[in-house]
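Number 200 in the numbering used here belongs to position 99 of the sequence shown; there are no gaps in the numbering. Using N, Cα and C, we set each Cβ at its ideal position, and we do this for glycine too. What follows is a single structure, written as structure tokens, with notes after it.
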Amino acid sequence: MADFYPDLFQSLSSDAQELPMYRRLFELFRQNILSGRLSGAEKLPSSRDLSNQLGVSRNTVKTAYEQLIAEGYVQSRQGAGSFVTELPAELLQPESKPSVNSDRLPELSEKAHRLLQSQSMYPPGRLLLQPAVPALSDFPRKRWKRCISAAADNEALYSHPAEGYLPLRQQVARHLSAFRGMQVSPEQILITSGSQQGSYMIASLLTGQGDSVWIETPGYPGTEGVIRAAGAEVRHLHWQMLQQAKLPERGRLLFITPSRNFPLGHTLPLSARLEVLHWAEQNNSWLVEDDYDSEFAVGSPVTALFALSKERRVIYTGTFSRTMYPGLRLGYMVLPEVLVPLFRKARRFMDGGLSVVPQVAMARFMENGDYSRHIRKLRQLYLQRRQSLERLLAESGLKDFPVIDAGAGMHLVIKLSNDCDDQALVESLVQQGVGGRALSHYDRSCQPARGLVLGFTQDDDVEMARGVKIVTQAIRCLNLSCN
Numbered sequence: 102m103a104d105f106y107p108d109l110f111q112s113l114s115s116d117a118q119e120l121p122m123y124r125r126l127f128e129l130f131r132q133n134i135l136s137g138r139l140s141g142a143e144k145l146p147s148s149r150d151l152s153n154q155l156g157v158s159r160n161t162v163k164t165a166y167e168q169l170i171a172e173g174y175v176q177s178r179q180g181a182g183s184f185v186t187e188l189p190a191e192l193l194q195p196e197s198k199p200s201v202n203s204d205r206l207p208e209l210s211e212k213a214h215r216l217l218q219s220q221s222m223y224p225p226g227r228l229l230l231q232p233a234v235p236a237l238s239d240f241p242r243k244r245w246k247r248c249i250s251a252a253a254d255n256e257a258l259y260s261h262p263a264e265g266y267l268p269l270r271q272q273v274a275r276h277l278s279a280f281r282g283m284q285v286s287p288e289q290i291l292i293t294s295g296s297q298q299g300s301y302m303i304a305s306l307l308t309g310q311g312d313s314v315w316i317e318t319p320g321y322p323g324t325e326g327v328i329r330a331a332g333a334e335v336r337h338l339h340w341q342m343l344q345q346a347k348l349p350e351r352g353r354l355l356f357i358t359p360s361r362n363f364p365l366g367h368t369l370p371l372s373a374r375l376e377v378l379h380w381a382e383q384n385n386s387w388l389v390e391d392d393y394d395s396e397f398a399v400g401s402p403v404t405a406l407f408a409l410s411k412e413r414r415v416i417y418t419g420t421f422s423r424t425m426y427p428g429l430r431l432g433y434m435v436l437p438e439v440l441v442p443l444f445r446k447a448r449r450f451m452d453g454g455l456s457v458v459p460q461v462a463m464a465r466f467m468e469n470g471d472y473s474r475h476i477r478k479l480r481q482l483y484l485q486r487r488q489s490l491e492r493l494l495a496e497s498g499l500k501d502f503p504v505i506d507a508g509a510g511m512h513l514v515i516k517l518s519n520d521c522d523d524q525a526l527v528e529s530l531v532q533q534g535v536g537g538r539a540l541s542h543y544d545r546s547c548q549p550a551r552g553l554v555l556g557f558t559q560d561d562d563v564e565m566a567r568g569v570k571i572v573t574q575a576i577r578c579l580n581l582s583c584n
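Structure below.
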């Protein structure tokens with residue numbers, strides 16, 4: 102018998118070498134059947150003839166044929182052989198040059214387009230002076246590993262509560278009582294993968310198309326992205342307007358950081374807090390209190406807005422990413438009792454809840470006191486590193502640039518004049534391994550403030566000095582000046 106399509110198998114020995122031969126043979130036939138090169142009802146050579154032609158074992162060919170038959174590309178006829186399945190011409194996929202529009206995405210929903218327009222907050226990799234990154238070198242790895250190991254043997258692995266592992270919710274309630282003066286029940290707590298998931302759930306469940314959602318500015322840009330993705334209209338409220346209790350006429354949600362504005366560190370006065378609560382009650386609106394790093398405030402943090410809310414118009418969100426490590430992906434929401442059934446039910450439908458093992462480990466880490474000890478250690482460490490950064494900045498030639506007191510936390514803000522291009526400065530710094538952020542990146546007002554947000558939590562004195570030297574040189578090279 103003459104060789105069957107000799108040119109068909111020229112690429113067989115070179116293509117997809119990581120695949121076994123039978124699979125390569127199957128893929129070759131499949132592609133040529135779908136392209137129409139092998140026409141319907143065309144008879145294929147016997148497994149013996151094809152194995153001789155290709156120099157492979159007969160079992161290899163038989164296995165490929167069996168897969169083709171199983172998936173419907175080939176039909177076996179008793180006593181007659183194997184034949185290409187006849188497929189409607191309109192279903193074939195002939196080989197052709199890529200279309201001019203081949204790189205275009207298929208038609209997407211408005212929500213998908215909003216997601217595509219969202220930007221990543223930080224570049225990957227370890228950078229000096231990067232904000233919002235905890236001191237991972239000081240993380241108690243051995244104690245955490247013991248908790249993870251114990252969690253793997255826990256009977257809780259057999260359950261998967263959507264609202265979160267009950268002992269963890271109990272520990273979070275105790276932590277909030279001790280650190281934030283909040284008296285809440287574990288039933289009000291929903292474990293999340295972090296603040297952004299919580300914000301997305303809130304915006305998805307409590308807003309409709311066209312509803313206005315107000316966000317404090319400057320503020321965390323990730324919040325704006327998830328709200329737009331949920332379909333709501335984003336409005337920005339400058340922190341100075343909040344300080345003066347100059348609030349919008351109406352709005353479905355208001356996202357704020359009343360204890361410590363991010364990234365400026367301003368605390369909302371008591372009078373303004375009470376005005377905000379009154380506004381929410383009068384407008385049937387919800388306040389979302391983001392309490393991202395209150396554990397590291399100097400002295401005792403102010404009472405949470407949630408604790409002041411008699412009408413329970415506040416949803417409180419927190420995260421372990423700042424106190425533990427970002428890759429843990431654990432956070433929580435504290436809900437008014439009236440919202441608990443809705444959010445629990447929605448959680449079951451959305452993703453069914455989070456992995457149980459990290460939740461069990463985190464509950465154990467908190468229960469045995471490791472978490473509170475870790476926070477106390479970090480508070481002292483961050484205070485020392487903050488003082489080191491302030492000293493290095495004062496000695497660097499940048500002493501004329503005012504440093505905004507962010508109230509401890511995890512970063513400092515260097516104020517620049519309004520004609521400075523802080524985005525260009527940051528791009529230059531990132532290329533040199535420094536992860537500062539532009540203050541204008543967080544500010545959505547008409548005239549965004551200019552400055553440089555520098556973290557100090559993960560760097561020792563040597564690393565910090567190297568980072569400050571790079572920052573100083575970059576500012577001078579760009580010929581920036583402050584007021």
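Could you check which residue in Leu429, Phe184 and Ala333 has the C-alpha nearest to that of Met420? Residue 420 sits at position 319 when you count from the first residue of the sequence shown. The sequence shown places Thr at residue 420, not Met. Comparing Cα-Cα distances from Thr420 to each of Leu429, Phe184 and Ala333, the minimum goes to Leu429.
Could you give the residue range of the beta strand (DSSP E) that holds Thr318? Counted from its first residue, the sequence shown places residue 318 at position 217. Element bounds for Thr318: Ser313 to Thr318.
His276, DSSP secondary structure in three states: Here residue 276 refers to the residue found at position 175 of the sequence shown. Note: His276 maps to helix in three-state DSSP.
Please classify Asp452: is it buried, with 16 or more other beta-carbons within 10 angstroms of its beta-carbon, or exposed? Within the sequence shown, the letter at position 351 stands for residue 452. Its Cβ having fewer than 16 others within 10 Å, Asp452 is exposed.
Among Met425, Gly156 and Ile249, whose alpha-carbon lies nearest the alpha-carbon of Ile397? The count along the sequence shown starts at 1 and reaches residue 397 at position 296. It is worth fixing the name first, because residue 397 is Phe in this sequence and not Ile. When each option's Cα is compared against that of Phe397, the closest is Met425.
DSSP three-state label for Gly432, please. Taking the sequence shown and counting its residues from 1, one reaches residue 432 at position 331. Of the three classes helix, strand and coil, the one that applies to Gly432 here is strand, per DSSP.
Identity of the residue in Leu365, Leu443 and Ala257 nearest His542 by Cα: Within the sequence shown, the letter at position 441 stands for residue 542. Checked all of Leu365, Leu443 and Ala257; the closest Cα to His542 is Leu365.
By Cβ distance below 8 Å, which residues in the same chain neighbour Pro427 in space, the five residues on each side in sequence not counted? Taking the first residue of the sequence shown as position 1, residue 427 is located at position 326. Around Pro427: Val234 and Pro235.
Along the chain, where does the alpha helix (DSSP H) containing Tyr472 start, and where does it finish? Along the sequence shown, one-based indexing puts residue 472 at 371. Taken as a continuous stretch (DSSP letters only), the alpha helix (DSSP H) holding Tyr472 covers Asp471 to Glu496.
Does the distance from the C-beta atom of Met467 to that of Leu431 stay below 8 Å? Taking the sequence shown and counting its residues from 1, the one referred to as residue 467 is at position 366. Taking the sequence shown and counting its residues from 1, the one referred to as residue 431 is at position 330. Cβ distance not < 8 Å, so Met467 and Leu431 don't count as in contact.
Can you tell me whether DSSP reads Ile416 as helix, strand or coil? Taking the sequence shown and counting its residues from 1, the one referred to as residue 416 is at position 315. In the structure shown, Ile416 sits in a strand (DSSP, three-state: E or B).
What does the alpha-carbon distance come out to for the pair Gly309 and Asn133? The residue labelled residue 309 in the question sits at position 208 within the sequence shown. The residue labelled residue 133 in the question sits at position 32 within the sequence shown. Looking at the two C-alpha atoms, the distance is approximately 50 Å.
Short of 8 Å in beta carbon distance, which residues of its chain neighbour Ile571, apart from the five on each side in sequence? Order them along the chain. Locating residue 571 in the sequence shown gives position 470, where the first residue counts as 1. Excluding residues within five positions, the ones whose Cβ falls inside 8 Å are Leu229, Leu530, Gln533, Gly534 and Val535.
Where Gly226 falls, given that 16 or more other Cβ within 10 Å makes a residue buried: Taking the first residue of the sequence shown as 1, we reach residue 226 at position 125. It is exposed - the Cβ of Gly226 has fewer than 16 other Cβ atoms within 10 Å.
Looking at the secondary structure, which residues open and close the alpha helix (DSSP H) in which Phe604 lies? Because the chain is modelled from 102 through 584, residue 604 falls outside the range shown and cannot be assessed.
From the DSSP output, in three-state form, read off Thr358 for me. If you number the sequence shown from 1, residue 358 lands on position 257. Residue state, collapsed to three classes: coil.
In terms of residues, what are the limits of the alpha helix (DSSP H) holding Gln574? Position 473 of the sequence shown holds residue 574. Element bounds for Gln574: Asp562 to Cys578.
Could you check which residue in Val457, Ala575, Ser140 and Gln559 has the C-alpha nearest to that of Asp523? As a first step, residue 523 must be located in the sequence shown, where it is residue number 422. The shortest C-alpha separation from Asp523 is found at Ala575.
Could you say which of Val273, Glu143 and Ala263 lies nearest to Val450 if we only look at CA atoms? As a first step, residue 450 is located in the sequence shown; it is residue number 349 there, counting from the start. Here residue 450 is Phe; the residue named in the question, Val, does not match the sequence. Comparing Cα positions, the closest option is Ala263.
Pick from Tyr417, Asp392 and Asn519: whose alpha carbon is nearest that of Pro549? Position 448 of the sequence shown, counting from 1, holds the residue named residue 549. The candidate whose alpha carbon is nearest that of Pro549 is Asn519.
By alpha-carbon positions, which one of Leu348, Ala333 and Gln272 ends up nearest to Trp43? Outside the modelled stretch of the chain, which goes from 102 to 584, sits residue 43, for which no answer is possible.
Among Leu169, Gln154, Arg149 and Ile170, which one has its Cα closest to the Cα of Asn160? Within the sequence shown, the letter at position 59 stands for residue 160. The option with the nearest alpha carbon to Asn160 is Arg149.
Given a threshold of 16 other Cβ atoms within 10 Å of its Cβ, counted over all protein chains shown, does Val461 qualify as buried or as exposed? In the sequence shown, counting from the first residue as 1, residue 461 sits at position 360. Its Cβ being crowded by 16 or more others within 10 Å, Val461 is buried.
Thinking Glu317 and Ile290 are a contact (beta carbons under 8 Å), I'd like their distance in whole angstroms, please. Counting from one through the sequence shown, the residue named residue 317 turns up at place 216. Counting from one through the sequence shown, the residue named residue 290 turns up at place 189. With a Cβ gap of about 24 Å, Glu317 and Ile290 do not count as contacting.
If you follow the alpha helix (DSSP H) that Gln344 is in, where does it begin and where does it stop? Counting from 1 along the sequence shown, the entry for residue 344 is found at position 243. Trp340 to Gln344 is the span of the alpha helix (DSSP H), which, as asked, contains Gln344.
Where Met302 and Arg138 are concerned, what is the direct C-alpha to C-alpha distance, given to the nearest angstrom? As a first step, residue 302 is located in the sequence shown; it is residue number 201 there, counting from the start. As a first step, residue 138 is located in the sequence shown; it is residue number 37 there, counting from the start. Taking the straight line joining both Cα atoms gives about 51 Å.
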